[in-house]
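Residue numbers 748 to 848, in this note's numbering, belong to the letters of the sequence shown in order.
From the three backbone atoms N, C-alpha and C, an ideal C-beta is built for every residue, glycine too.
To keep things clear, I will list the structure first and then write my remarks on it.
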Amino acid sequence: MDNDLYNLNLDYLLVAKGMIAAGDAYKAQFYLGLPTDAIEILRNMSIKQLKALAGSDYLKFSPRINPSHWREFIEIQTFATDSPEHRAKELLSILAQDGAS
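Following this line, the structure appears as C-alpha cells:
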C-alpha cells in the first residue's frame with residue numbers, strides 16, 4: 748500500500764467524520780461529495796475502522812473535477828506567473844505600494 752494514498756484516504760475520512768460529528772452532514776455531502784447513505788455509516792465508525800478502511804490500494808473517494816474544468820483552469824493560469832522574474836516583479840510592486848502608503 749502506498750503511504751501517500753493511505754494518508755489521502757484517512758484525511759478525507761477524518762474530515763468527513765469531523766463534519767458529520769459537528770452537525771454539518773449537509774456540508775460533508777456538498778463539499779466532499781458524500782452520498783447520503785455514507786453519513787450514518789461514517790457517524791458510527793471508530794477511528795480504528797477508518798484507518799482500516801483507508802488502507803487499500805485505491806482512492807476511497809472520487810475527485811469531482813472533470814476534463815473541462817482542467818482545461819478551464821489551464822487556460823486561466825499562466826505557468827510563467829511562477830517564474831523567478833514574475834515573483835521578483837510582484838515583490839517589487841508590493842514594496843512600492845507599501846512605500847507609497
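{"Item": "Complete alpha helix (DSSP H) runs within the stretch 771 to 845 (minimum length 4 residues, chain order)", "Value": "772 to 779, 783 to 790, 794 to 801, 814 to 823"}
{"Item": "Neighbour-count burial assignment, I767, 16 or more Cβ in a 10 Å radius", "Value": "buried"}
{"Item": "Length of the line joining the Cα atoms of G802 and S830", "Value": "38 Å"}
{"Item": "For A769, three-class secondary structure by DSSP", "Value": "coil"}
{"Item": "CA-to-CA distance, H833 to Y753, given in whole angstroms", "Value": "36 Å"}
{"Item": "8 Å Cβ cutoff met for L757 and L797", "Value": "yes"}
{"Item": "Rounded straight-line distance, which links the Cα of L760 to that of D784", "Value": "14 Å"}
{"Item": "Contact under 8 Å by Cβ, A775 with I786", "Value": "yes"}
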